[in-house]
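In what follows, a structure is listed as structure tokens, so that the remarks can point back to it.
There are 2 protein chains.
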Amino acid sequence: MEDGTAERIRPRDRILETARDMFHKHGIKGVGVDAITEAAGTNKMTLYRHFESKDDLVIECLRATACSANAMWQKFEAEHPGDKLAQLHAWVRMAADCLMMDGRGCDMANAAIELSETDHPARRVIKELKQAQRDRLVGLCRDAGIGQAELLADTLSLLLEGARVSLQSVGAEGPSAQFVRMAEGLITSFKAR
Amino acid sequence: MEDGTAERIRPRDRILETARDMFHKHGIKGVGVDAITEAAGTNKMTLYRHFESKDDLVIECLRATACSANAMWQKFEAEHPGDKLAQLHAWVRMAADCLMMDGRGCDMANAAIELSETDHPARRVIKELKQAQRDRLVGLCRDAGIGQAELLADTLSLLLEGARVSLQSVGAEGPSAQFVRMAEGLITSFKAR
DNA sequence: TCTAGAAGTTACAGACCGGTAACACCCTAG
DNA sequence: CTAGGGTGTTACCGGTCTGTAACTTCTAGA
Numbered sequence: 074m075e076d077g078t079a080e081r082i083r084p085r086d087r088i089l090e091t092a093r094d095m096f097h098k099h100g101i102k103g104v105g106v107d108a109i110t111e112a113a114g115t116n117k118m119t120l121y122r123h124f125e126s127k128d129d130l131v132i133e134c135l136r137a138t139a140c141s142a143n144a145m146w147q148k149f150e151a152e153h154p155g156d157k158l159a160q161l162h163a164w165v166r167m168a169a170d171c172l173m174m175d176g177r178g179c180d181m182a183n184a185a186i187e188l189s190e191t192d193h194p195a196r197r198v199i200k201e202l203k204q205a206q207r208d209r210l211v212g213l214c215r216d217a218g219i220g221q222a223e224l225l226a227d228t229l230s231l232l233l234e235g236a237r238v239s240l241q242s243v244g245a246e247g248p249s250a251q252f253v254r255m256a257e258g259l260i261t262s263f264k265a266r
Numbered sequence: 074m075e076d077g078t079a080e081r082i083r084p085r086d087r088i089l090e091t092a093r094d095m096f097h098k099h100g101i102k103g104v105g106v107d108a109i110t111e112a113a114g115t116n117k118m119t120l121y122r123h124f125e126s127k128d129d130l131v132i133e134c135l136r137a138t139a140c141s142a143n144a145m146w147q148k149f150e151a152e153h154p155g156d157k158l159a160q161l162h163a164w165v166r167m168a169a170d171c172l173m174m175d176g177r178g179c180d181m182a183n184a185a186i187e188l189s190e191t192d193h194p195a196r197r198v199i200k201e202l203k204q205a206q207r208d209r210l211v212g213l214c215r216d217a218g219i220g221q222a223e224l225l226a227d228t229l230s231l232l233l234e235g236a237r238v239s240l241q242s243v244g245a246e247g248p249s250a251q252f253v254r255m256a257e258g259l260i261t262s263f264k265a266r
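As given, the protein sequences belong to chains A and B, one line each in that order.
Position one of the first sequence corresponds to residue 74 (the working numbering), numbered consecutively onward.
Position one of the second sequence corresponds to residue 74 (the working numbering), numbered consecutively onward.
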């Protein structure tokens, strides 16, 4: 019989979830597999039975993160069905909320910075997933009736990416505090064209 | 007698220069002190005679980077004496050139991401230096006669920061390719207000 | 109840890390 | 010529890292 207790999740999922959290907080090179398995209430052997290597675990974590992001987009559509412009504003709001709540940027960008080896297996995945997110934002801008949809989407992307990294270097009182104002101003000016 | 041969630079400077280059390329946690000293043509003992610790070396590298950045600003003033608007455009051009030539972002931002421990000694330095750069850009925008100088400067900051990290995750064909267009467009629209 | 597979445990290999000690060397200022 | 400081060399310390082997324990399903 399945009992739904949180304690009884499969070790693989516990490891994945714990690793995501720890990689996010301390960076990939900042946390070892021993620490992950201990925090997940299991052991190293079990980790290596489910994942080929630490790199493999990292990649699975990034995929899981991308999957969570997808859920966000579905929420936008559910909350503002058909209203693409409202969804774009919801995206800005969500981004700002993440900025204020979290403080430690985008897992994929952080991973790309940390894993500087150009042939690292995770880099391919990061590029794919980031490209997909970009395409999605471009599509949203286009469907919202913005003329230069690509340019607006790319500008918003860079602003958000910049805000996330600026938050970690300059702090919360730095330029990232103005993110919403910038983003909303941009959307307004692009609508006017 | 001093002979000016490049070979005869002091070990301390050789270490500092080599460390800057290697930290930049491979990240701080991605390179050990042994590798640095070997590449600098010296040894670990000499490094620890000149720097208290690896963290201390990191901090000195960041200060050196900030110093190089200062030199840029003096070049702007020298090339366009008094013409603040031209200096702002020169800043954009310089930023774009760095983006295309380099590929591996801002040392301070990268360090802030890598050194996630909130009490890491380098974080204070990073915040100070980044804040100084921000103030400088705000001052330039204000002197150039821009009305909302802070907002323009912060927006440009985030755009550049975002472009540098996006370059590492999505690649050169990603949003960062449009950086100049975005920045110039922003300056134009802020002038018109 | 029995069994097969999943999970836990312990120990270990081999490499690398930051940092230090002891000692030999060289080069320059006096 | 000589003394001393900067430098090079070698060896080492204790710790941490990823990854593996061998063995025991647990648990779910027939």
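The C-beta atom is built at its ideal place from N, Cα and C for all residues, glycine as well.
Kindly list, in the order they appear in chain B, the residues whose Cβ is closer than 7 angstroms to that of residue i.
i: proline 248 of chain A; result: Arg207, Asp227, Ser230, Leu231
i: alanine 236 of chain A; result: Leu231
Are the beta-carbon atoms belonging to residue i and residue j less than 8 angstroms from one another?
i: isoleucine 186 of chain A; j: isoleucine 186 of chain B; result: yes
i: serine 267 of chain B; j: lysine 98 of chain A; result: Nothing in the structure corresponds to residue 267 of chain B, since chain B is present only between 74 and 266.
i: alanine 139 of chain A; j: leucine 202 of chain A; result: yes
i: valine 106 of chain B; j: methionine 95 of chain B; result: no
i: serine 230 of chain A; j: proline 248 of chain B; result: yes
i: leucine 213 of chain B; j: lysine 157 of chain B; result: yes
i: valine 253 of chain A; j: alanine 142 of chain A; result: no
i: isoleucine 132 of chain B; j: proline 194 of chain B; result: yes
i: alanine 266 of chain A; j: glycine 220 of chain A; result: Note on residue identity: the sequence assigns arginine, not alanine, to residue 266 of chain A. Yes, they are a contact pair.
i: isoleucine 101 of chain A; j: alanine 184 of chain A; result: yes
i: leucine 210 of chain B; j: leucine 232 of chain A; result: no
i: alanine 144 of chain B; j: glutamate 152 of chain B; result: no
Grouping DSSP H, G and I as helix and E and B as strand, with all else coil, what is residue i?
i: alanine 245 of chain A; result: coil
i: proline 154 of chain B; result: coil
i: leucine 89 of chain A; result: helix
i: glutamate 125 of chain B; result: coil
i: glutamate 234 of chain A; result: helix
i: arginine 136 of chain B; result: helix
i: glutamine 221 of chain A; result: coil
i: lysine 102 of chain B; result: coil
i: arginine 177 of chain B; result: coil
i: alanine 144 of chain B; result: helix
i: arginine 166 of chain B; result: helix
i: histidine 97 of chain A; result: helix
i: threonine 115 of chain B; result: coil
i: threonine 228 of chain A; result: helix
i: glutamate 75 of chain A; result: Because glutamate 75 of chain A carries a pLDDT of 32, less than 50, the predicted location of this residue cannot be relied on, and the following value inherits that uncertainty. Glutamate 75 of chain A: coil per DSSP, three-state reduction.
With respect to the alpha helix (DSSP H) encompassing residue i, which residues constitute its N-terminal and C-terminal limits?
i: phenylalanine 263 of chain B; result: 252-264
i: isoleucine 273 of chain B; result: No answer is possible for residue 273 of chain B: it lies beyond the span of chain B, which begins at 74 and ends at 266.
i: asparagine 183 of chain B; result: 180-187
i: isoleucine 109 of chain B; result: 106-112
Check each candidate in the options and name the one with the smallest Cα separation from residue i.
i: lysine 264 of chain A; options: A:Ala245, A:Ser239, A:Asp216; result: A:Asp216
i: aspartate 175 of chain B; options: B:Gln160, B:Ile260, B:Ser239, B:Arg266; result: B:Ser239
i: arginine 87 of chain B; options: B:Cys134, B:Ala222, B:Asp128, B:Gly244; result: B:Cys134
i: arginine 207 of chain B; options: A:Gly244, A:Thr91, A:Leu229; result: A:Gly244
i: tryptophan 146 of chain B; options: B:Ala250, B:Leu161, B:Leu231, B:Leu225; result: B:Leu161
i: alanine 182 of chain A; options: B:Ile109, B:Val106, B:Ala236; result: B:Ala236
i: arginine 196 of chain A; options: A:Gly258, A:Asp170, A:Arg136; result: A:Arg136
i: methionine 167 of chain A; options: A:Tyr121, A:Phe149, A:Pro154, A:Leu158; result: A:Phe149
i: phenylalanine 124 of chain A; options: A:Leu224, A:Arg85, A:Arg209; result: A:Arg85
i: alanine 113 of chain B; options: B:Ala92, B:Arg177, B:Leu224, B:Phe252; result: B:Ala92
i: alanine 205 of chain A; options: A:Lys102, A:Ala226, A:Thr261; result: A:Ala226
i: glutamate 234 of chain A; options: A:Leu224, A:Thr261, A:Asp180; result: A:Asp180
i: glutamate 246 of chain A; options: B:Ile101, B:Thr261, B:Glu223; result: B:Glu223
i: methionine 173 of chain A; options: A:Leu259, A:Ala250, A:Glu90, A:Leu89; result: A:Ala250
i: arginine 177 of chain A; options: B:Gly178, B:Thr191, B:Arg177, B:Val165; result: B:Thr191
Which chain B residues are close to residue i, counting only those with a beta carbon under 8 angstroms from its beta carbon?
i: alanine 217 of chain A; result: Within 8 angstroms Cβ-Cβ: nothing; alanine 217 of chain A doesn't reach chain B, min ~18 angstroms.
i: leucine 224 of chain A; result: Gln251, Arg254, Met255
i: glycine 178 of chain A; result: Ile186
i: lysine 264 of chain A; result: Going along chain B, no residue has its Cβ under 8 angstroms from lysine 264 of chain A, so there is no contact; the nearest lies around 14 angstroms.
i: lysine 127 of chain A; result: Here the premise fails: no neighbours, minimum Cβ distance about 14 angstroms.
Could you tell me which chain A residues have their CB closer than 7 angstroms to the CB of residue i, listed as they occur along the chain?
i: asparagine 183 of chain B; result: Ile186
i: histidine 99 of chain B; result: Ser189
Can you pull the chain B residues whose beta carbon is under 9 angstroms from the beta carbon of residue i, in chain order?
i: glycine 105 of chain A; result: Neighbours of glycine 105 of chain A on chain B: none; closest Cβ ~12 angstroms, over 9 angstroms.
i: lysine 200 of chain A; result: Ser242, Val243, Gly244, Gly247
Whose Cβ in chain A lies nearer than 9 angstroms to the Cβ of residue i?
i: lysine 203 of chain B; result: Ser239, Ser242, Val243, Gly244, Gly247
Could you work out which residues of chain A lie near residue i, taking near to mean beta carbons separated by less than 8 angstroms?
i: alanine 108 of chain B; result: Chain A residues near alanine 108 of chain B: none, gap ~14 angstroms exceeds 8 angstroms.
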